[in-house]
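Working notes for the structure below.
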Amino acid sequence: MEIGIGKSGRRAYGLDDIAIVPSRRTRDADDVDISWEVDAFKLELPLMVSAMDAAVSPQTAIQVGRLGGIAVLNLEGIQTRYEDPDSVLAEIAELSEDRATLRMQELYREPVKEEL
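The opening position of the sequence shown corresponds to residue 65 in our numbering, with each subsequent residue numbered one higher.
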């Protein structure tokens, strides 16, 4: 699609644009292959979890991997800045939206700790 003089773009889809709906036909699970490939990696589950502190912890990444998907950990996020990231994330979750933004800016000033 054209987006300006001499410029083009392609359509991107967000979570609100995609839906899985039932069909009138039934498929046997043995007849369906939902695996996919990223470069040389074959994944059994068509699931890729975004590198966001709110979506992926090390435990989540491990579990998604065990299930056959892939989860990307934010290596510049809360997990690599604090010894106890769960308490920091719980603190953020309890704050009001306007206060949470300010607090997150404060929390992200902490430097990344390579050893974490």
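Ideal Cβ positions, reconstructed from N, Cα and C, are used throughout, including at glycine.
Sub-9 Å separation of residue i and residue j beta-carbons
| i | j | result |
| --- | --- | --- |
| L109 | V128 | yes |
| L180 | T144 | yes |
| V96 | V113 | no |
| L139 | I156 | no |
| L107 | G70 | no |
| D94 | S121 | no |
Endpoints, beta strand (DSSP E) assigned at residue i
| i | result |
| --- | --- |
| L107 | F105 to L107 |
| I67 | E66 to G68 |
| E178 | Where E178 is concerned, there is no enclosing beta strand (DSSP E), given that its DSSP letter is neither H nor E. |
Three-state secondary structure (DSSP) of residue i
| i | result |
| --- | --- |
| E155 | helix |
| V128 | helix |
| E161 | helix |
| I142 | helix |
| M112 | strand |
| E101 | strand |
| A118 | coil |
| A93 | helix |
Rounded separation between residue i and residue j - CA only
| i | j | result |
| --- | --- | --- |
| E66 | S72 | 4 Å |
| A83 | I126 | 26 Å |
| R75 | E161 | 31 Å |
| E147 | G141 | 12 Å |
| M116 | R167 | 17 Å |
| G78 | L111 | 14 Å |
| P86 | V102 | 27 Å |
CB contact check: residue i to chain D, cutoff 9 Å
| i | result |
| --- | --- |
| A118 | Absent from the structure: chain D. Only one protein chain is present. |
Option in the options with minimal Cα separation from residue i
| i | options | result |
| --- | --- | --- |
| L131 | L171, I98, I69 and E155 | I98 |
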